Amino acid sequence: MNIKVKNSGIVNLQKVGDVDGNLYIAEAMKNIPFDIKRVFFINKPSSSRAIRGRHAHKSFVQAIFCLNGSFVLNLDDGKEKQVIKMKDPGTGILLGPLLWHTMSNLSKDCVILVLSDAWYGENDYIRNYKEFLRNTND
Ligand code: TYD
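Per the working numbering, the sequence shown starts with residue -11, numbered consecutively.
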C-alpha cells in the first residue's frame, strides 16, 4: 500500500502469533512514532451508514487501527484524497496534523483503535471542512 496524502504513513504492530492466538504490540517511540498519551476505541456502530471522524487536527498525531471487522478510512490533505480499506489489525495508519479523516462502512463487528499523542482537547479539532481547507492553504 502506498500512502499518497501528506502527514500520514503506515505503522506496523509487532505480531507474535502462535497456536493460542495472536499478540500485537505497540510501543511508543519504537513502532509507534510518538509518545502515546491517550487511547480510545470505537465499537458497535449503529448501522453500516454510521460515519465517524469528519474532522482534522491542528497538531495532534494519532495512529488508527482496525482491531476487528473492517471499515473504510477516507483521507484528505486538502489536495490529495485516499481511500483505504482497513481490516488488518497489525497495520495502522498515521493521522498527522491537517489530515481530514472520515471512517465509514463500519462492519457490525468493527473495533477501531486510536492511539494519540495528546490528551483530549476540543481546541485541536477542526470540524468544519471549509475551515480545514483554509488552514491547508495557509
Ligand atoms: P469525536 O471526536 O467526534 O468522535 P469520532 O471522531 O470518532 O466520530 O468525539 C465524539 C464525542 O466524544 C465528542 O463530544 C468529544 C468526545 N470525546 C472525548 O470527550 N474524549 C476523547 O478522547 C474523544 C476522542 C472524544
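Beta carbons: idealized from backbone N, C-alpha and C, even for Gly.
This structure is a prediction, so every number in the text was calculated from the model and none was measured.
Status (buried if at least 16 other CB within 10 Å, exposed otherwise) for residue i
i: I(-2); result: exposed
i: G84; result: buried
i: L11; result: exposed
i: M91; result: buried
i: M74; result: buried
Own chain, CB closer than 7 Å to residue i, minus 5 neighbours either side, in chain order
i: M17; result: D23
i: I20; result: V(-1), A14, A51, L103
As assigned by DSSP and simplified to three states, the class of residue i
i: C121; result: Inspection of the sequence shows that residue 121 is occupied by Leu rather than by Cys. It is helical.
i: D65; result: coil
i: D6; result: strand
i: N56; result: strand
i: N0; result: strand
CB of residue i within 7 Å of CB of residue j, strictly
i: F60; j: N31; result: For the sequence presented, residue 60 should be read as Val rather than Phe. Result no, Cβ atoms of V60 and N31 do not sit closer than 7 Å.
i: W107; j: R40; result: no
i: N56; j: D8; result: no
7 Å Cβ cutoff, residue i in contact with chain B
i: A38; result: No chain B appears in the structure shown, which is made up of a single protein chain.
Cβ-based neighbour list, residue i, same chain, cut-off 6 Å, excluding 5 preceding and 5 following
i: R115; result: H43
i: W88; result: A44, D64, F120
i: N62; result: V71, T90
Limits of the beta strand (DSSP E) - the one that residue i falls within
i: G84; result: Element bounds for G84: n/a, residue is neither H nor E.
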